[in-house]
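One point on numbering: in the numbering used here, the residue at position 228 of the sequence shown is 299, and numbering is uninterrupted.
Glycine residues also receive a C-beta, built at the ideal position from the N, C-alpha and C atoms.
First the structure, in the form of structure tokens, and then the observations on it.
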Amino acid sequence: MFKGSVLFICPAFFGYEIAITKALEFNGYSVDYIDERPSNNSFSKAIFRIKKDLLNKQISSYYKSVEEKLAHKKYDYLFIIKGEVVPISFIENFKEKNPNAKLIYYTYDSINNNNKNSIFILQHFDKCFSFDFEDVKKFPILKQKHLFFTDEFLIEGEIPQKKHDVSFVGTLHSNRFSVMKKLFSYFKKTFVFYYMPARWFFYFEKLTKKEFKPISISDVSFNKISRAEVATIFKASRSVLDIQRFGQTGLTMRTFEVLASGAVLITTNPYIEQADFYNADNILILQDLTDEKSITEISEKAVQDVESIRGKSAAFEKYYVNNWVNEFFE
């Protein structure tokens, strides 16, 4: 059943924008997807976040071309994720052309990690959501909404053999290396994949941040691995470590991917205890790296066989992407 037409604007982020588009289409919406950013090279991404004004001409030209491309189309919804560079004028023009359309906003990042544009545009939306617990408290316009997991992490058929006691797959930033190194010393079979978007950025971080001093370039990959490859690793892991960014209280995408894949989640985020699917057998909270007793207990629990959280919590199913998109349009 056709439910409406959606203009979906979102940064390209590891293919998740494609998964969201397909989920919307699965649920009966027609979707036109537009990448929020005019450019996705690592330098431009950094400038968009740190000093967007330097690229205002490029942004303005890009969104003018988007408007020209969509000039003859009408929409029932404008759905924006992140909104770091979308001009207010573009939103106003959209509303003028589509006066009956509903405008929906979501961010999978904390407001502290977004630039100010994402705050300025909130007033133009009918519904606004954030994954971050503290941002929802700080900004009454925001409603709490966690992230999701995709098809790749569903377990179908025989449960895979567990080759890793613990694994980590993620972008290298902040204190991730030191946390991983400390925790992983308590396990026998480990798997690690660190990603960084560019060599120049790695060397910049190594020169400017003490956390990067002990890290060798051979520890890092500058090539992404696919979601399917990540899912294969998680399904072959008894446990997976997840470390949220400094200043973020929201639950990461990894949270849902790890649990959907049947692994035990080791997380540094205590806010997960507030989640409707929280279960202490499947979710272990790592808070104090100086507490040897606590780390030992976590390492012992992490390798035990436990029933997947999907078998315990009906609430967890709403985080499957095909279900997750529906709340935005209710």
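Three-state secondary structure assigned by DSSP to residue i
| i | result |
| --- | --- |
| K151 | Note that residue 151 is Ile in the sequence shown here, rather than Lys. Here I151 sits in strand by DSSP. |
| I105 | strand |
| Q358 | coil |
| S370 | helix |
| S287 | coil |
| L213 | strand |
| F119 | Since pLDDT at F119 reaches only 48, below the 50 mark, its modelled position is unreliable, and the value read off the structure follows with that caveat. Correct three-state label for F119: helix. |
| V156 | coil |
| Y266 | strand |
| V237 | strand |
| Y134 | helix |
| T242 | strand |
| E221 | It is Thr, not Glu, that sits at residue 221 in the sequence shown. Looking at T221 - three-state DSSP - the assignment turns out to be coil, as it is neither helix nor strand. |
| S249 | helix |
| S189 | helix |
| Y87 | helix |
| S181 | coil |
| F400 | helix |
| S292 | strand |
| M72 | coil |
Closest Cα partner of residue i within the set the options
| i | options | result |
| --- | --- | --- |
| F264 | E282, L355, S181, E300 | E300 |
| L174 | S181, E138, F165 | F165 |
| F262 | K364, S201, K252 | K252 |
| D206 | T178, F220, E163 | T178 |
| K145 | A385, S76, G382, F293 | S76 |
| N98 | D197, G333, P211, F73 | F73 |
| Q298 | I80, E88, Q232, Y257 | Looking at the sequence shown, residue 298 is not Gln but Arg. Comparing Cα positions, the closest option is E88. |
| Q194 | Q215, N183, I159 | I159 |
| I304 | F275, E282, K260 | K260 |
| I314 | A269, T367, F85, L360 | L360 |
| N350 | C81, T367, Q358, L336 | L336 |
| A269 | P285, F293, R247 | F293 |
| A373 | Y134, N353, A90, S379 | N353 |
| S249 | R381, N183, T339 | T339 |
| F399 | Y134, F255, G382, F196 | F196 |
| Y390 | M324, Y342, E368, E167 | M324 |
| L106 | T326, F84, S131 | The amino acid at residue 106 is misidentified as Leu; the sequence shows Asp. Among T326, F84, S131, the Cα nearest to that of D106 belongs to F84. |
| S426 | F327, E401, K364 | One cannot answer for residue 426 here, as it falls past the ends of the chain, which runs 72 to 401. |
| C31 | E96, K277, V157 | The requested residue 31 is not part of the displayed model; the chain covers only 72 to 401. |
Range of the contiguous alpha helix (DSSP H) that encloses residue i
| i | result |
| --- | --- |
| F161 | 159–168 |
| T279 | 270–279 |
| N394 | 392–395 |
| A386 | That residue, A386, is in no alpha helix (DSSP H); it is neither H nor E in DSSP. |
Enclosing beta strand (DSSP E) for residue i [first to last residue]
| i | result |
| --- | --- |
| F200 | 198–201 |
| S76 | 75–81 |
| L174 | 173–178 |
| Minimum length 4: unbroken alpha helix (DSSP H) runs contained in the region 302–352 | The qualifying runs are 324–331.
| Segment contact, 8 Å Cβ cut-off, at least three pairs: the region 178–190 with the region 147–154 | yes
| Would you call the region 344–352 and the region 237–250 in contact, with 3 or more CB pairs under 8 Å? | no
| task | Pair every Cβ in the region 202–222 with every Cβ in the region 243–251, then say whether three or more of these pairs are closer than 8 Å. | result | no
| message | Pairs of beta-carbons, one from the region 127–146 and one from the region 183–203, closer than 8 Å: are there three or more? | response | no
| request: Would you be able to state if there are at least three C-beta pairs under 8 Å between the region 303–311 and the region 325–344? | output: yes
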